[in-house]
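**Q**
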Amino acid sequence: MKHTSRYPFSISLLHWLLTVALFGNLIIGWMLDDNEDLLTLHKSIGIVILFLVSVRVANRLRMRRRLPPSTNRPGTPAYLAEKAVHHLLYVLMLAIPLLGWLKTNAAGHVASCFGLFSLPTLVSKSRDLSHWLGELHALTAYGLAALVGLHVLGALAHRVLKSENILPRILPLPRRVEQKMPTSDRG
Ligand code: HEM
Ligand code: HEM
Numbered sequence: 000m001k002h003t004s005r006y007p008f009s010i011s012l013l014h015w016l017l018t019v020a021l022f023g024n025l026i027i028g029w030m031l032d033d034n035e036d037l038l039t040l041h042k043s044i045g046i047v048i049l050f051l052v053s054v055r056v057a058n059r060l061r062m063r064r065r066l067p068p069s070t071n072r073p074g075t076p077a078y079l080a081e082k083a084v085h086h087l088l089y090v091l092m093l094a095i096p097l098l099g100w101l102k103t104n105a106a107g108h109v110a111s112c113f114g115l116f117s118l119p120t121l122v123s124k125s126r127d128l129s130h131w132l133g134e135l136h137a138l139t140a141y142g143l144a145a146l147v148g149l150h151v152l153g154a155l156a157h158r159v160l161k162s163e164n165i166l167p168r169i170l171p172l173p174r175r176v177e178q179k180m181p182t183s184d185r186g
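Residues 0 to 186 in numbering that gives the first Met the number 0 are what the sequence shown spells out, letter by letter.
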């Protein structure tokens, strides 16, 4: 089975930290059901996620010249699909907490993070806007879950169709283990 070169440690670490945080907050969001304590927790975790996603995007830009090349050949449908899905995942990761923040403001509340600080109020109270932002927040959150399903299917397709194990590329393993792995001719 072929192995390829690896993503930098910071990229892998943030990938898995945010995978856990996003799914955790998705499940909390799904369970909200008018529970005020759970909503306060959901908003606080969401604000931490917004911060972590901003760090992730900045770090991705900083590391852009140190990334392993795609395992798909540039210009092929698989390559274009991979790039489209990754870009959309970044857009959704940013849009979901931003929409949650705006929805909270439109409902007439401030978005507070564990009572430690509050985000600035960006829109004034509006019943209609609050409704639509809430709908968009839910749609993008469930859309993210569906897109992650596609993303995982893509990784599985590499394994099944091309006998390529791409998972180690994104695992935050120590460098010692990384060096034992053969690198591909494209890595
Ligand atoms: C970043 C990760 C986040 C995820 C994955 C997420 C996900 C969700 C989900 C799945 C729901 C339930 C939607 C439904 O079924 O109607 C929800 C509701 C909600 N979320 Fe988030 N959320 C996130 C961040 C935030 C943030 C940062 C805020 C505000 C600061 C927020 C505020 C809300 C509010 C107010 C609701 C209730 C919406 C309503 O009553 O229509 N969320 N969220
Ligand atoms: C909330 C969940 C997830 C999000 C938002 C997400 C997002 C991303 C993004 C944006 C990248 C591209 C990294 C870059 O070039 O900047 C990536 C890479 C990757 N992800 Fe995820 N991911 C999630 C969950 C998962 C899961 C559950 C798996 C398990 C199979 C996975 C496997 C991978 C792999 C193998 C790569 C490297 C792809 C390559 O070879 O280039 N991801 N992920």
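Even for Gly, the Cβ is constructed at its ideal location relative to N, Cα and C.
Being a predicted model, the structure only gives us computed values, none of them experimental.
1. Classify P181 as buried or exposed, calling it buried when 16 or more other Cβ atoms lie within 10 Å of its own Cβ.
2. Could you tell me the distance, in whole angstroms, from the CA atom of V147 to the CA atom of L88?
3. Would the segment 2 to 14 and the segment 55 to 71 be scored as touching if the rule is three or more Cβ pairs under 8 Å?
4. How about T96: is its Cβ closer than 8 Å to a heavy atom in ligand 2?
5. Under 8 Å by Cβ, that's how I've got I44 and I27 pegged, so tell me the actual separation to the nearest angstrom.
6. Over the uninterrupted alpha helix (DSSP H) stretch that includes L170, give me the two end residues.
7. Going by the beta-carbon positions, is the gap between L31 and L37 smaller than 9 Å?
8. If you draw a straight line from the C-alpha of G133 to the C-alpha of L121, how long is it?
9. Could you check where the alpha helix (DSSP H) with E163 kicks off and where it finishes?
10. Using a Cβ-Cβ cut-off of 6 Å (strictly less than) and excluding sequence neighbours within five positions of L97, which residues of its own chain qualify?
11. How long is the line joining the alpha carbons of L101 and G107, rounded to whole angstroms?
12. Report all residues from its chain with a CB closer than 6 Å to the CB of V52; omit the five preceding and five following residues, and keep chain order.
13. Can you tell me whether DSSP reads S117 as helix, strand or coil?
14. Would you give the residue range spanned by the alpha helix (DSSP H) that T70 belongs to?
15. When the distance is taken between beta carbons, is I169 closer than 9 Å to H14?
16. Give me the residue from T139, Y141, V109, G114 with the minimum Cα distance to S123.
17. Does the distance between the C-beta of N34 and the nearest non-hydrogen atom of ligand 1 fall short of 8 Å?
**A** Walking through what the data contain:
1. Residue placement at P181 is flagged as unreliable, the pLDDT there being 42, under the threshold of 50; a coordinate-derived value is accordingly withheld.
2. Whole-angstrom Cα-Cα distance: 8 Å.
3. Cβ pair count under 8 Å is three or more, so yes.
4. Per the sequence shown, residue 96 should be read as Pro rather than Thr. No, Cβ of P96 sits at least 8 Å from all heavy atoms of ligand 2.
5. Contact check for I44 and I27: beta-carbon distance about 7 Å, within the 8 Å limit, so the pair qualifies.
6. Judged by DSSP secondary structure, L170 falls outside any alpha helix (DSSP H); it is assigned neither H nor E.
7. In this structure, L37 lies closer than 9 Å to L31 by Cβ.
8. Each residue's Cα considered, the two are about 15 Å apart.
9. From DSSP, E163 is part of no alpha helix (DSSP H); its letter is neither H nor E.
10. Here the set comprises nothing.
11. When rounded, the distance between both Cα atoms is 10 Å.
12. The residues are M92, L93.
13. S117: strand per DSSP, three-state reduction.
14. Secondary structure note for T70: it is in no alpha helix (DSSP H), with a DSSP letter that is neither H nor E.
15. In contact: H14 and I169 (Cβ atoms closer than 9 Å).
16. Comparing alpha carbon positions, the residue from T139, Y141, V109, G114 closest to S123 is V109.
17. No, ligand 1 has no heavy atom inside 8 Å of this Cβ.
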